[in-house]
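Sequence lines, in order, name chains A and B. Residues 5 to 329, numbered by the numbering used here, are exactly what the first sequence covers, in order. Residues 5 to 329, numbered by the numbering used here, are exactly what the second sequence covers, in order. Idealized CB from N, CA, C, for every residue including glycine. Inspection log for the structure reproduced underneath, given as structure tokens.
2 protein chains.
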Amino acid sequence: MATLKDVAAESGLTVTTVSRVLNNRGYISEETREKVHAAMKKLNYRPNELARSLSKQSSNTIGVIVPHISHPYFAEMISNIENVASKKGYKILLCNSKGTDQKTREYLEMCTSNRVAAIILFSAGVSVEEFSGSNIPLITVERFLENGTASIECDNLQGGELAAMHLIEKGCSRLLHISGVSESSMPADERAEGFMQICDKRGITHYEVTTNQEQYDREEYYELLEHTLETYPDVDGIFASSDVIAAQTIQVCTRMGIRVPQDVRIVGFDDTRLAALMQPQLTTIHQPIKEMATEAVTLALNAVEGRVIAKRTLLPVTLVERETT
Amino acid sequence: MATLKDVAAESGLTVTTVSRVLNNRGYISEETREKVHAAMKKLNYRPNELARSLSKQSSNTIGVIVPHISHPYFAEMISNIENVASKKGYKILLCNSKGTDQKTREYLEMCTSNRVAAIILFSAGVSVEEFSGSNIPLITVERFLENGTASIECDNLQGGELAAMHLIEKGCSRLLHISGVSESSMPADERAEGFMQICDKRGITHYEVTTNQEQYDREEYYELLEHTLETYPDVDGIFASSDVIAAQTIQVCTRMGIRVPQDVRIVGFDDTRLAALMQPQLTTIHQPIKEMATEAVTLALNAVEGRVIAKRTLLPVTLVERETT
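Right, here's the structure in full:
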């Protein structure tokens, strides 16, 4: 790769002059400018961002740590973050923590060593309380950390309430909530809370099924869902804590001869692209993924510039009615 | 952020000595080592990867350019690439080209300026023939570039053949292929070719529908699918060129009262997670996404080390039979 020195040698000018042309600093004659550009083109020179970053002790990079890149929710979040960051001249360093504490800590270290400007952390049950002392802004999404710079959450409590109210309005009288993983306290737990509060207030019978650990072994998870539906045969409304769980529930219902929405109505959570691709299309709680991603990048960059930013940001959710209810 | 100098000052040692401790070079007494580690801990010092990268004129980073991060196929590819790269000590700089020539070129420039070790490019109809002159290995996936370092493709021709043979075996006699975008010549075009070759050989009536441009406006795309099914009411077997298109086709069939698989059998392409989450579950051509991702990273890193690598790699596909056939 050609360096600044090579360009100087090729154009017969000093490194200082070439640097002035590149940075558009001071008076430079048109002839000099042309000489430099011709040499750059000939040598296929590209400015070295590493050198710039090193002199600033920070790179125009945002570290993004997610538990599962290919999960539709995180894939859409990453896509939106990349889009907003790119418009502001920032790059994305993508890290997959697989939801483990150890990988998350490793990636936090790696991001720090690489002098990222900021870190956006999506954490599924990890404790990163020990991440501190670095002056890199840490924005957490769907998780509040005492020592984080800022957190962004959607209104999970409201989401649970909306799901329960919708199912009750549709005439359901025996409700079931199928939650995701809950090993440590997470904002997502409030989905269950909001759901149950409404059920209690309206005197509606309700059950809850919790998964102990992430169930990647799909068949095992299907068995759990089947067992649940056998245990509560009178259930006529289900609130699943993600669109993926809702999709799996619809499949199990179909296998068991339970019709959706005639016998059981189903509401999901997230409103990923998957919700609209299912058959029947899924009624779900819409997380403002785009707005959350925009907010995460904006807060991160404001923090980089030393501005005072909101410690907690809570965004509203809405219910999108489709065919499963 | 604490620097090497700060650690030296704090421990009362020279920068050279601190550097020797960090790099484990030469003889260092236990006492000195402990002093340095204590100072590092106190100052929360982290080694500066930017400085290391600059001195090597390359970072342990692979630039990954995809057209759509949140599309399930690319999301799974990215996830697998990150996983393999991470095990080899490499980071991922993620870029979303949105399938445009301009963004792709911008990102190729950006990756070059940031001295990534290698670039993995997923290109949907872009021409990057002008990318050359840089000594950064360029690995393309599902696209062959004359001036690229290497390309990885799955056997799209075989995929189309397998889809046609399967539908014919299941008793279908009037077949339809719904292809994706095809503005420029792409390996994916061979899916249609393989499909039609088998139909011609077996004397099976077949139709093809091509989309002129990416149809993000979902409703418009549904209208196109509906119109197609109305135009060819006698079709009893459909080969969709992606799982997403297959999912949309199933939805349109349901709306039109066409039962899957009783009236129409459907085969997709990709075998993303979506295929197993649909109802009915999708029969599809399995792309070896994990193997393709592993191969892309392996070829990239072998090229970085200056080894001779395969110019073209073709991986086989298989048919996964599920409920839509």
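Inter-residue CB distance, residue 331(A) and residue 98(B) (contact presumed, cutoff 8 Å): This structure does not reach residue 331(A), given that chain A is present from 5 up to 329, and the question cannot be answered.
Residue burial classification, residue 50(A) (beta-carbon count within 10 angstroms, cutoff 16): Within the first sequence, the letter at position 46 stands for residue 50(A). Under this definition residue 50(A) is a buried residue.
Cβ contact check for the stretch 280-289 of chain A and the stretch 115-124 of chain A: 3 or more pairs under 8 Å: no
Residues within the stretch 302-316 of chain A neighbouring chain B, beta-carbon criterion of under 8 Å: none
Interface flag, residue 245(B) vs chain A, CB-CB below 8 Å: Against the second sequence, residue 245(B) aligns to sequence position 241. For residue 245(B), the answer is no, since every Cβ of chain A falls outside 8 Å of its Cβ.
Coarse secondary structure for residue 9(B), derived from DSSP in three states: Along the second sequence, one-based indexing puts residue 9(B) at 5. Helix.
Proximity winner among 292(A), 55(A), 66(A), relative to residue 308(A) (alpha-carbon distances): Start at 1 with the first residue of the first sequence, and residue 308(A) comes out as number 304. Per the Cα distances, 66(A).
Inter-residue Cα distance where the pair is residue 17(A) and residue 60(B): On the first sequence, residue 17(A) is found 13 positions in, with the first residue counted as 1. On the second sequence, residue 60(B) is found 56 positions in, with the first residue counted as 1. Going by the C-alpha atoms only, they are around 26 Å apart.
Residue 44(A) at chain B interface by Cβ criterion, 8 Å: Within the first sequence, numbered from 1, the residue matching residue 44(A) stands at position 40. Closer than 8 Å: no.
Chain A residues whose Cβ lies nearer than 7 Å to that of residue 28(B): Sequence index remark: in the second sequence, residue 28(B) carries index 24 (1-based). Here the premise fails: no neighbours, minimum Cβ distance about 17 Å.
Residue(s) in a DSSP beta bridge with residue 154(A): Here the question's residue 154(A) lines up with position 150 in the first sequence. Answer is 143(A), bridged to residue 154(A).
Simplified DSSP state of residue 18(B), which is helix, strand or coil: Within the second sequence, residue 18(B) is the residue found at index 14, counting from 1. Reduced to three states, the DSSP call for residue 18(B) is coil.
Outcome for residue 1(A) when other beta-carbon atoms lying within 10 angstroms are tallied against a minimum of 16: It is not possible to answer for residue 1(A), since the shown part of chain A is limited to 5 through 329.
Whole-number beta carbon distance between residue 272(A) and residue 298(A), since they are thought to touch under 8 Å: Taking the first residue of the first sequence as 1, we reach residue 298(A) at position 294. Taking the first residue of the first sequence as 1, we reach residue 272(A) at position 268. Contact doesn't hold; Cβ gap of about 23 Å is too wide.
Helix, strand or coil at residue 49(A) [DSSP, three-state]: Mapped onto the first sequence, residue 49(A) falls at position 45. Coil.
Beta-carbon contacts of residue 81(A) that lie in its chain and below 8 Å, excluding the five residues immediately before and after: Along the first sequence, one-based indexing puts residue 81(A) at 77. Same-chain partners within the cutoff: 70, 126, 145, 293, 296, 297.
Contact between the stretch 32-39 of chain B and the stretch 87-106 of chain A (3+ Cβ pairs under 8 Å): no
Exposure label - residue 291(A); buried when at least 16 CB within 10 Å: As a working mapping, residue 291(A) is identified with position 287 in the first sequence. By the neighbour-count rule (16 or more Cβ atoms within 10 Å), residue 291(A) is buried.
Residue burial classification, residue 153(B) (beta-carbon count within 10 angstroms, cutoff 16): Taking the second sequence and counting its residues from 1, one reaches residue 153(B) at position 149. Its Cβ being crowded by 16 or more others within 10 Å, residue 153(B) is buried.
CB contact check: residue 53(B) to chain A, cutoff 8 Å: If you number the second sequence from 1, residue 53(B) lands on position 49. Judged by the 8 Å Cβ criterion, residue 53(B) is in contact with chain A.
Inter-residue spacing [alpha-carbon to alpha-carbon] between residue 156(B) and residue 109(B): Translated into the one-based positions of the second sequence, residue 156(B) becomes position 152. Translated into the one-based positions of the second sequence, residue 109(B) becomes position 105. Cα-Cα distance, rounded: 20 Å.
One or two residues paired with residue 148(A) in a DSSP bridge: Taking the first residue of the first sequence as 1, we reach residue 148(A) at position 144. In the DSSP output, where bridge partners are listed per residue, residue 148(A) has none listed.
Outcome for residue 170(B) when other beta-carbon atoms lying within 10 angstroms are tallied against a minimum of 16: To locate residue 170(B), count along the second sequence from 1; it is residue 166. Answer is buried; the Cβ neighbour count reaches 16.
Below-8 Å beta-carbon distance, residue 15(B) vs any chain A residue: Stepping through the second sequence from its first residue, residue 15(B) is reached at position 11. Chain A contact via Cβ: absent.
For residue 194(A), the nearest candidate out of 26(A), 321(A), 24(A), 15(A) (CA to CA): Indexing the first sequence from 1 puts residue 194(A) at position 190. Of the listed residues, the one whose Cα sits closest to residue 194(A) is 321(A).
Cβ neighbour criterion (16 or more within 10 Å) applied to residue 72(B): In the second sequence, residue 72(B) corresponds to position 68, counting from 1. So residue 72(B) ends up on the buried side.
Residue-level contact to chain A via CB, residue 295(B), 8 Å cutoff: Numbered from 1 along the second sequence, position 291 holds the residue referred to as residue 295(B). Closer than 8 Å: no.
Length at least 4, wholly inside the stretch 253-328 of chain A: the alpha helix (DSSP H) runs in chain order: 277-281, 293-308
Interface residues of chain A facing residue 251(B) [CB-CB closer than 8 Å]: Here the question's residue 251(B) lines up with position 247 in the second sequence. The answer, in chain order, is 281, 282, 283.
Proximity winner among 314(A), 259(A), 264(A), 243(A), relative to residue 323(A) (alpha-carbon distances): Counted from its first residue, the first sequence places residue 323(A) at position 319. For the residues 314(A), 259(A), 264(A), 243(A), the minimum Cα distance to residue 323(A) belongs to 243(A).
Residue 169(B): contacting residues in chain A (beta-carbon distance under 7 Å): Sequence index remark: in the second sequence, residue 169(B) carries index 165 (1-based). Those within 7 Å of residue 169(B) in chain A number zero; the least Cβ separation is about 26 Å.
Complete beta strand (DSSP E) runs within the stretch 160-209 of chain B (minimum length 3 residues, chain order): 178-185
Any chain A beta carbon closer than 8 Å to residue 205(B): Working through the second sequence from its first residue, we reach residue 205(B) at position 201. No, because no Cβ of chain A sits closer than 8 Å to the Cβ of residue 205(B).
Of the residues 48(A), 256(A), 68(A), 14(A), the one placed nearest residue 116(B), counting alpha carbons only: The sequence position of residue 116(B) within the second sequence is 112, counting from 1. Measuring from the Cα of residue 116(B), the nearest candidate turns out to be 48(A).
Residue 107(A), DSSP secondary structure in three states: Translated into positions along the first sequence, residue 107(A) becomes position 103. Reduced to three states, the DSSP call for residue 107(A) is helix.
Reference residue 42(B), options 10(B), 224(B), 52(B), 57(B), closest by Cα: What you label residue 42(B) is simply residue 38 of the second sequence in a count that begins at 1. Nearest of 10(B), 224(B), 52(B), 57(B) to residue 42(B), Cα basis: 10(B).
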